[in-house]
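Student: Dumping the structure here so I can ask a few things about it.
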Amino acid sequence: MVLRITSSVAANAPYTDGASRIIVTDPYVRKPHQIRTMMEFVEMVVCRKQPEDQVAIHLVTYPNDGEIQKQRDLLDSISEACTGTGVDFTWAFDTSGTAHARDVVTDTGWKIVLDRGLDIFQAPMRREGFNLGDRLQEHRMAKGFYVTYVRQ
15 MVLRITSSVA
25 ANAPYTDGAS
35 RIIVTDPYVR
45 KPHQIRTMME
55 FVEMVVCRKQ
65 PEDQVAIHLV
75 TYPNDGEIQK
85 QRDLLDSISE
95 ACTGTGVDFT
105 WAFDTSGTAH
115 ARDVVTDTGW
125 KIVLDRGLDI
135 FQAPMRREGF
145 NLGDRLQEHR
155 MAKGFYVTYV
165 RQ
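Using our numbering, the letters of the sequence shown correspond one by one to residues 15 to 166.
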């Protein structure tokens, strides 16, 4: 079943407000469109935080066999893009092969359990950049998924 959602950014936004540390665990932030969704999560935090606040976002994911260097370069690009924003983005590969859970945990007591992780959207349609879904999550087709918000 294909769903249209308002936006994963809007759904997670209030639960990250006020956090100074956010840990995203998602073994499937591997492909460019998945990394783009991670970037959009970071953008949401940058836009919603107070100018004087400092927020550390740490991603734990798996390496993309065969394209590890491209994955590293794209994740490093997110880190570089955060310079001067008050957000420090770091990432690490989990090489244990045992992690499967996908969640976002904040130091404000929220745990957001993500059924499909950040990869809730269908792969983007290529229209040479002239697709609203390339810029607005509201116009992307989503896979079936659920999100559970837990106050710890």
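Glycine is no exception: its CB is placed at the ideal position from the N, C-alpha and C atoms.
1) Let me know if C96 comes out buried or exposed under the rule of 16 or more other beta-carbons within 10 Å of its beta-carbon.
2) Using beta-carbon positions only, say whether V164 and V101 come within less than 8 Å of one another.
3) Determine whether the beta carbon atoms of R35 and D121 lie at a separation below 8 Å.
4) Measure the beta-carbon distance from D126 to V74 and round it to whole angstroms, keeping in mind my assumption that it falls under 8 Å.
5) The beta strand (DSSP E) that contains F159, what's its start and end?
6) Express the C-alpha separation of E66 and P41 in angstroms, rounding to a whole number.
7) Reducing DSSP to helix, strand and coil, say where K63 ends up.
8) Hey, would you say A33 sits closer than 8 Å to V56, going by beta carbons?
9) Between which residues of its own chain and F107 is the CB-CB distance below 6 Å, once the five residues before and five after are set aside?
Tutor: Here's the rundown:
1) buried
2) no
3) yes
4) The sequence shown places Ile at residue 126, not Asp. Between V74 and I126 the Cβ distance is about 15 Å, and since that is not below 8 Å, they are no contact.
5) Unbroken run through F159: none, as it is neither H nor E.
6) 32 Å
7) coil
8) no
9) P77
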